[in-house]
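Residue numbers (my numbering): 15 to 333.
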Ligand code: AVI
């Protein structure tokens, strides 16, 4: 099928060499770690979509509920005729509810997973022919030149899903500074932030009964085999996720259930039973905590929407 005229795709996909370098560096330190951005190849993105449908994983459906319930108010805050930039676009249900009320002139989705990005951005270009869709496959955690946008459109960044929680607080400051530069003075950021809550609820969300989160976590090992030719036994590693209350974060690990070894790019990494690879943190914030963090880098919180159960929050921030 031919691509619609209102669609363009820029491919700044990170090279396999970046993955190899970060894996080798992460396995060489103690405790061992691999950054969560490497979960998201085509298979990992599909697994993440499947996570969002699990009954225990409340963030996605709660955020969608907030966007739908407060769509008009959100559109009024953000203003129309915007260039809408979405970070980590992934699945498109949320952006569609926003596009319906915001009707921006331009939509710029940024995502690290090429197939996922292409499929969802193409679908949007076809369904919204009046919106110019400029998709970029990129690791948006590193600064890069955005595709040109019409100068008269004011800029809005949409960062859903509490992906901000996957950054260390210091890195959040850097990311928010970059976003502030993207939208410029008077520009806005609409961001989804998962809230602190009962640890039992959090632990269940990251340990779903169907084992989808476990498969998502272990997909990074499969990716090492597929892309880096790593030699390892996937079944020697088990998924471990728990809420660390003092640090306010879910931690995810791949833990060796017996002594094992990973061989990659000519290097050998031995694991004793119980030793792990730290693969993700997912920080949870109170609305006040997140507003304070954003204020440190010059964002003013205009409004925060939360659901009745206080599970999730959506913040409208202005530079
Ligand atoms: C993408 N991110 C916000 C998800 C989260 O909840 O931290 C990733 C995830 N990891 C396990 N389940 C979902």
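Glycine included, each C-beta is placed from N, C-alpha and C at the ideal position.
Buried or exposed (CB count within 10 angstroms, at least 16 for buried), residue 73 | Reading the chain shown from its first residue, position 59 is the one you call residue 73. Flag for residue 73 reads buried.
Along the chain, which unbroken stretches of the beta strand (DSSP E) at least 3 residues long are found entirely within the region 250–275?
-> 251–258 and 263–270
Sorted by chain position, which residues of the same chain lie with C-beta nearer than 7 angstroms to residue 158's C-beta, five sequence neighbours on each side aside?
-> Along the chain shown, one-based indexing puts residue 158 at 144. Cβ within range, chain order: 26 and 152.
Starting from the C-beta of residue 194, find all residues in its chain whose C-beta is less than 7 angstroms away, skip the five residues before and the five after it, and write them out in chain order.
-> The count along the chain shown starts at 1 and reaches residue 194 at position 180. For residue 194, where only same-chain residues beyond five positions count, the Cβ hits under 7 angstroms are 311, 312, 313 and 333.
Opening and closing residue of the beta strand (DSSP E) in which residue 197 lies = As a working note, residue 197 is residue 183 in the chain shown. First-last for residue 197: 183–197, but that is the alpha helix (DSSP H), not the beta strand (DSSP E).
Would you decide whether residue 316 is buried or exposed? Buried here means 16 or more other CB atoms lie within 10 Å of its CB.
-> In the chain shown, the residue the question calls residue 316 occupies position 302. So residue 316 ends up on the exposed side.
Evaluate contact between the region 271–278 and the region 155–175, counting only Cβ atoms and requiring at least three cross-stretch pairs below 8 angstroms.
-> no
Excluding sequence positions up to five away, which residues of its chain have a Cβ less than 7 angstroms from the Cβ of residue 142?
-> The residue you call residue 142 lines up with position 128 of the chain shown. Around residue 142: 113.
Between residue 125 and the ligand AVI, is the CB less than 8 angstroms from at least one heavy atom?
-> Locating residue 125 in the chain shown gives position 111, where the first residue counts as 1. Flag unset: Cβ of residue 125 not near the ligand AVI.
Hey, would you say the C-beta of residue 249 is under 8 angstroms away from at least one heavy atom of the ligand AVI?
-> Stepping through the chain shown from its first residue, residue 249 is reached at position 235. No, the beta carbon of residue 249 sits no closer than 8 angstroms to any heavy atom of the ligand AVI.
Among 162, 224, 172 and 231, which has the Cα closest to the Cα of residue 384?
-> The requested residue 384 does not occur in the structure, where the chain is confined to residues 15 to 333.
Residues that DSSP places opposite residue 277 in a beta bridge = For this step, residue 277 is matched to residue 263 along the chain shown. Partner(s): 245 and 282.
At least 3 beta-carbon pairs within less than 8 angstroms: the region 38–46 vs the region 17–25 | no
Hey, out of 235, 242, 68 and 40, whose CA is closest to residue 29's CA?
-> Within the chain shown, residue 29 is the residue found at index 15, counting from 1. Considering only alpha carbons, the answer is 242.
Tell me, please, whether the region 211–226 touches the region 92–107 by the rule of three or more beta-carbon pairs shorter than 8 angstroms.
-> Result no; under three Cβ-Cβ pairs closer than 8 angstroms.
Residue 311, DSSP secondary structure in three states | Taking the chain shown and counting its residues from 1, one reaches residue 311 at position 297. In this structure, residue 311 counts as coil in the three-state DSSP scheme.
Assigned secondary structure, residue 96 (DSSP; H/G/I helix, E/B strand, else coil) | Residue 96 sits at position 82 when you count from the first residue of the chain shown. DSSP places residue 96 in strand when its eight states are reduced to three.
What is the DSSP secondary structure of residue 347, counted as helix, strand or coil?
-> In the structure displayed, the chain extends from 15 to 333; residue 347 sits before or after that span and is not available.
Return yes when at least one heavy atom of the ligand AVI lies under 8 angstroms from the C-beta of residue 175, else no.
-> Within the chain shown, residue 175 is the residue found at index 161, counting from 1. Result yes, Cβ under 8 angstroms from the ligand AVI.
Is the beta carbon of residue 59 within less than 8 angstroms of some heavy atom of the ligand AVI?
-> As a first step, residue 59 is located in the chain shown; it is residue number 45 there, counting from the start. No - the ligand AVI has no heavy atom lying nearer than 8 angstroms to the Cβ of residue 59.
Within 9 angstroms, strictly: CB atoms of residue 54 and residue 181 = Looking up residue 54 in the chain shown gives position 40. Looking up residue 181 in the chain shown gives position 167. For residue 54 and residue 181, no; Cβs fall outside 9 angstroms.
Can the beta-carbon of residue 102 be found closer than 9 angstroms to that of residue 125?
-> Start at 1 with the first residue of the chain shown, and residue 102 comes out as number 88. Start at 1 with the first residue of the chain shown, and residue 125 comes out as number 111. Yes, the pair counts as a contact, with Cβ atoms nearer than the cut-off.
Inter-residue spacing [alpha-carbon to alpha-carbon] between residue 291 and residue 255 | One-based indexing of the chain shown puts residue 291 at position 277. One-based indexing of the chain shown puts residue 255 at position 241. Between residue 291 and residue 255, the C-alpha separation is close to 12 angstroms.
What's the gap between the Cα of residue 122 and the Cα of residue 115?
-> As a position in the chain shown, residue 122 is number 108, starting the count at 1. As a position in the chain shown, residue 115 is number 101, starting the count at 1. About 17 angstroms.
How would you write the range of the beta strand (DSSP E) that residue 327 sits in, first residue to last?
-> Here residue 327 is taken as the residue at index 313 of the chain shown, counted from 1. Note, residue 327: beta strand (DSSP E), 326–332.
How about residue 65: is its Cβ closer than 8 angstroms to a heavy atom in the ligand AVI?
-> Locating residue 65 in the chain shown gives position 51, counting from the first residue. Annotation for residue 65 indicates a beta carbon within 8 angstroms of some heavy atom of the ligand AVI.
Would you mind listing the alpha helix (DSSP H) stretches within the region 24–89 that are 4+ residues and don't spill past its ends, in chain order?
-> 30–42, 56–66 and 72–83
State the Cα-Cα distance for the pair residue 175 and residue 206, rounded to the nearest angstrom.
-> On the chain shown, residue 175 is found 161 positions in, with the first residue counted as 1. On the chain shown, residue 206 is found 192 positions in, with the first residue counted as 1. Residue 175 and residue 206: Cα-Cα distance of roughly 5 angstroms.
Which runs of the beta strand (DSSP E) fall wholly inside the region 95–152 and span at least 3 residues, in chain order?
-> 96–101, 120–125 and 146–151
With a CB to CB cut of under 7 angstroms and the five nearest residues on each side skipped, what residues in its chain are close to residue 106?
-> As a first step, residue 106 must be located in the chain shown, where it is residue number 92. 134, 137 and 138, listed in sequence order.
Does the beta-carbon of residue 322 have 16 or more other beta-carbons within 10 angstroms, so that it is buried, or is it exposed?
-> Locating residue 322 in the chain shown gives position 308, counting from the first residue. Label assigned to residue 322: exposed.
Presumed contact (8 angstroms Cβ cut-off) between residue 59 and residue 127, rounded CB distance | What you label residue 59 is simply residue 45 of the chain shown in a count that begins at 1. What you label residue 127 is simply residue 113 of the chain shown in a count that begins at 1. Between the beta-carbon of residue 59 and that of residue 127 there is about 4 angstroms, and that keeps the pair under the 8 angstroms contact cut.
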